[in-house]
Amino acid sequence: MLLIGFCNGNCRESVRVYRQRFPNRQIPNRQTFANVERRLRETGGLKPIKMNAGRPIRGRPPDAEEEILETVHNNSRTSAILLERQTGVSMCKANRIVREQLIYPFHIQCVQKLNFLVTGLVHILLNLFECVERPIQTSK
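First residue of the sequence shown? That's 430 in our numbering, and the numbers climb one at a time after it.
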(Lines of atoms letter the chains of each structure in order from A and count residues from 1; the text may use other names and numbers.)
(Lines give C-alpha, C1' and ligand atoms only; values in the text may rest on other atoms or scores of the structure.)
Protein backbone atom coordinates (compact mmCIF):
# COMPACT_ATOMS: atom_id res chain seq x y z
CA MET A 1 0.00 0.00 0.00
CA LEU A 2 2.89 2.33 0.74
CA LEU A 3 4.24 1.71 -2.75
CA ILE A 4 1.00 2.89 -4.35
CA GLY A 5 1.19 6.08 -2.30
CA PHE A 6 4.88 6.45 -3.14
CA CYS A 7 4.04 6.10 -6.84
CA ASN A 8 1.06 8.52 -6.65
CA GLY A 9 -1.52 5.80 -7.35
CA ASN A 10 0.20 4.48 -10.47
CA CYS A 11 -0.12 0.68 -10.28
CA ARG A 12 2.32 -0.04 -13.12
CA GLU A 13 4.95 2.11 -11.44
CA SER A 14 4.19 0.34 -8.13
CA VAL A 15 4.94 -3.04 -9.73
CA ARG A 16 8.24 -1.73 -11.12
CA VAL A 17 9.31 -0.29 -7.74
CA TYR A 18 8.24 -3.49 -5.97
CA ARG A 19 10.37 -5.53 -8.40
CA GLN A 20 13.39 -3.31 -7.64
CA ARG A 21 12.97 -3.36 -3.85
CA PHE A 22 12.12 -7.05 -3.52
CA PRO A 23 13.90 -8.91 -6.34
CA ASN A 24 13.67 -12.38 -4.73
CA ARG A 25 9.92 -12.26 -4.10
CA GLN A 26 7.04 -13.18 -6.34
CA ILE A 27 5.94 -10.02 -8.17
CA PRO A 28 2.21 -9.25 -7.92
CA ASN A 29 0.25 -8.19 -10.95
CA ARG A 30 -0.67 -4.52 -11.35
CA GLN A 31 -4.32 -5.54 -10.98
CA THR A 32 -3.49 -6.86 -7.52
CA PHE A 33 -2.29 -3.41 -6.48
CA ALA A 34 -5.42 -1.86 -8.00
CA ASN A 35 -7.68 -4.33 -6.16
CA VAL A 36 -5.97 -3.67 -2.84
CA GLU A 37 -6.27 0.09 -3.29
CA ARG A 38 -9.94 -0.20 -4.28
CA ARG A 39 -10.76 -2.42 -1.30
CA LEU A 40 -9.03 -0.04 1.11
CA ARG A 41 -10.94 2.92 -0.30
CA GLU A 42 -14.29 1.11 -0.21
CA THR A 43 -14.08 -0.75 3.10
CA GLY A 44 -11.17 0.76 5.00
CA GLY A 45 -9.56 -2.67 5.45
CA LEU A 46 -8.01 -5.50 3.51
CA LYS A 47 -10.36 -8.26 4.65
CA PRO A 48 -13.47 -8.64 2.54
CA ILE A 49 -16.69 -7.74 4.32
CA LYS A 50 -19.19 -10.49 3.68
CA MET A 51 -22.62 -9.05 4.14
CA ASN A 52 -25.61 -11.24 3.37
CA ALA A 53 -23.26 -14.05 2.39
CA GLY A 54 -24.33 -17.65 2.65
CA ARG A 55 -27.67 -19.18 3.27
CA PRO A 56 -30.09 -16.89 5.10
CA ILE A 57 -31.06 -17.95 8.61
CA ARG A 58 -34.71 -18.77 8.85
CA GLY A 59 -36.44 -17.63 11.98
CA ARG A 60 -37.73 -20.15 14.45
CA PRO A 61 -40.96 -19.78 16.35
CA PRO A 62 -40.22 -18.44 19.84
CA ASP A 63 -42.97 -20.52 21.42
CA ALA A 64 -41.36 -23.71 20.07
CA GLU A 65 -38.01 -22.61 21.51
CA GLU A 66 -39.57 -22.09 24.92
CA GLU A 67 -41.34 -25.44 24.69
CA ILE A 68 -38.10 -27.24 23.78
CA LEU A 69 -36.17 -25.64 26.64
CA GLU A 70 -38.97 -26.43 29.10
CA THR A 71 -39.10 -30.06 27.95
CA VAL A 72 -35.33 -30.45 28.32
CA HIS A 73 -35.44 -28.76 31.72
CA ASN A 74 -38.16 -31.15 32.92
CA ASN A 75 -36.52 -34.27 31.48
CA SER A 76 -32.86 -34.05 30.55
CA ARG A 77 -32.97 -37.61 29.18
CA THR A 78 -35.27 -36.66 26.32
CA SER A 79 -34.03 -37.18 22.77
CA ALA A 80 -34.01 -34.89 19.76
CA ILE A 81 -36.46 -37.21 18.00
CA LEU A 82 -38.95 -36.83 20.84
CA LEU A 83 -38.45 -33.06 20.81
CA GLU A 84 -39.16 -33.06 17.08
CA ARG A 85 -42.36 -35.06 17.55
CA GLN A 86 -43.59 -32.91 20.43
CA THR A 87 -42.83 -29.46 19.02
CA GLY A 88 -42.81 -29.92 15.25
CA VAL A 89 -39.35 -28.35 15.03
CA SER A 90 -36.74 -30.36 13.14
CA MET A 91 -34.22 -32.45 15.04
CA CYS A 92 -31.33 -30.24 13.92
CA LYS A 93 -33.05 -27.05 15.06
CA ALA A 94 -34.00 -28.63 18.38
CA ASN A 95 -30.38 -29.66 18.96
CA ARG A 96 -29.17 -26.19 17.95
CA ILE A 97 -31.58 -24.51 20.38
CA VAL A 98 -30.41 -26.75 23.21
CA ARG A 99 -26.72 -26.19 22.41
CA GLU A 100 -27.15 -22.41 22.15
CA GLN A 101 -28.45 -22.38 25.71
CA LEU A 102 -25.39 -24.40 26.80
CA ILE A 103 -27.60 -27.25 27.93
CA TYR A 104 -26.16 -30.66 27.28
CA PRO A 105 -28.77 -33.37 27.79
CA PHE A 106 -27.43 -36.77 28.57
CA HIS A 107 -28.59 -40.35 28.52
CA ILE A 108 -27.99 -42.44 31.60
CA GLN A 109 -26.65 -45.83 30.62
CA CYS A 110 -26.27 -48.91 32.75
CA VAL A 111 -22.75 -50.25 32.91
CA GLN A 112 -21.25 -53.27 34.60
CA LYS A 113 -21.08 -53.22 38.36
CA LEU A 114 -17.72 -53.04 40.04
CA ASN A 115 -16.85 -56.32 41.64
CA PHE A 116 -15.78 -56.63 45.26
CA LEU A 117 -12.07 -56.75 44.47
CA VAL A 118 -12.15 -53.46 42.58
CA THR A 119 -14.29 -51.69 45.18
CA GLY A 120 -11.94 -52.95 47.90
CA LEU A 121 -8.96 -51.52 46.01
CA VAL A 122 -10.78 -48.22 45.57
CA HIS A 123 -11.41 -47.98 49.32
CA ILE A 124 -7.79 -48.85 50.09
CA LEU A 125 -6.57 -46.16 47.68
CA LEU A 126 -8.96 -43.58 49.13
CA ASN A 127 -7.72 -44.36 52.64
CA LEU A 128 -4.14 -44.13 51.42
CA PHE A 129 -4.74 -40.70 49.86
CA GLU A 130 -6.44 -39.59 53.04
CA CYS A 131 -3.34 -40.59 55.02
CA VAL A 132 -1.13 -38.68 52.59
CA GLU A 133 -3.23 -35.54 53.00
CA ARG A 134 -3.30 -35.96 56.79
CA PRO A 135 0.00 -37.52 57.88
CA ILE A 136 -0.30 -40.10 60.61
CA GLN A 137 1.02 -38.68 63.86
CA THR A 138 3.20 -40.98 65.91
CA SER A 139 3.44 -40.65 69.66
CA LYS A 140 6.84 -40.51 71.37
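Even glycine gets a Cβ: it sits at the ideal position worked out from N, Cα and C.
query	result
Beta-carbon gap between I433 and V444 smaller than 8 Å	no
Cβ contact (3+ pairs, closer than 8 Å) linking the stretch 492-505 and the stretch 525-533	yes
Whole-angstrom C-beta distance between V518 and R489, which should lie under 8 Å	7 Å
Coarse secondary structure for N458, derived from DSSP in three states	coil
Cβ-Cβ separation, E496 to T516 (assumed contact under 8 Å), whole Å	5 Å
A482 to E494 span [Cα, whole Å]	26 Å
C-alpha gap between A463 and K479, whole angstroms	20 Å
Three-state class that DSSP yields for F435 in the structure shown	helix
Environment of C440 [buried if 16+ CB atoms lie within 10 Å]	buried
Same chain, Cβ closer than 8 Å to Q460, five either side skipped, listed in chain order	C440
Boundaries (first-last residue) of the alpha helix (DSSP H) holding P491	P491 to N503
Contact under 8 Å by Cβ, R475 with R468	The question names Arg, but residue 475 in the sequence shown is Leu. Cβ distance < 8 Å, so L475 and R468 count as in contact.
8 Å Cβ shell around V446 - same chain, five flanking residues per side excluded	L432, F435 and C436
8 Å Cβ cutoff, Q449 in contact with chain C	Any reference to chain C falls outside this structure, which holds one protein chain only.
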